[in-house]
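First the structure, in the form of structure tokens, and then the observations on it.
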């Protein structure tokens, strides 16, 4: 029995060294949005946004980590909130405490009363600086894609001579919006 307790404690201690939490902030610089009723392109303030996420990571080996996370994001013009629930993989070609890595995130946008439903994808490169086993800094640069099902209320302007007279409620139209952005991120590793 003491032998089993020792094995359990040593396995638990090793597992805790393999588990990390990432708390990240990403600033989004949108370069294209496509929607049924409009399309916008170019790096400008109107397509900006941000997200704040927390991810639980498990170190599979010295080069590969896998995890799952959730974030809260906001896109501007038009203003939309999204909550991605995602899986992520990190691959580090080098095995030092200061090391670059490649990442990919993919998931689903949780549709709530305050957020849109859809899909989420992000990929890029990161750089970890670990000061201790469970404390470090994380910097990322990558591509960020959000596909949202957006509801918009449509109004028809009517007038016999083509001038604006009044708005007639035409109902709610549900269609897809696609936002492409460059993401610049920073965060902490615990």
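In the working numbering, the protein residues as written are 18 to 207. Cβ atoms here follow ideal geometry from the backbone N, Cα and C, with glycine treated the same way.
Residues that residue i bridges to, as DSSP identifies them
i: residue 134; result: 166
i: residue 73; result: 38 and 85
i: residue 57; result: 50
i: residue 140; result: 121 and 160
i: residue 203; result: 42 and 156
i: residue 128; result: Bridge partners of residue 128: none, in fact.
DSSP-derived helix/strand/coil call for residue i
i: residue 196; result: strand
i: residue 120; result: strand
Residue i, buried or exposed, once every other Cβ within 10 Å from all chains shown has been counted against 16
i: residue 50; result: buried
i: residue 41; result: buried
i: residue 183; result: Unreliable positioning characterises residue 183 in this predicted model, as indicated by a pLDDT of 46, which lies under 50. The coordinate reading is nonetheless provided below. So residue 183 ends up on the exposed side.
i: residue 120; result: buried
i: residue 143; result: buried
i: residue 155; result: buried
i: residue 34; result: exposed
i: residue 150; result: exposed
i: residue 45; result: buried
Boundaries of the beta strand (DSSP E) in which residue i is found, first to last residue
i: residue 101; result: 101 to 108
6 Å Cβ shell around residue i - same chain, five flanking residues per side excluded
i: residue 101; result: 88, 124, 126 and 137
8 Å CB neighbourhood of residue i in its chain, flanking five on each side removed
i: residue 197; result: 47, 48, 49, 50, 160, 161 and 162
i: residue 203; result: 41, 42, 154, 155, 156 and 157
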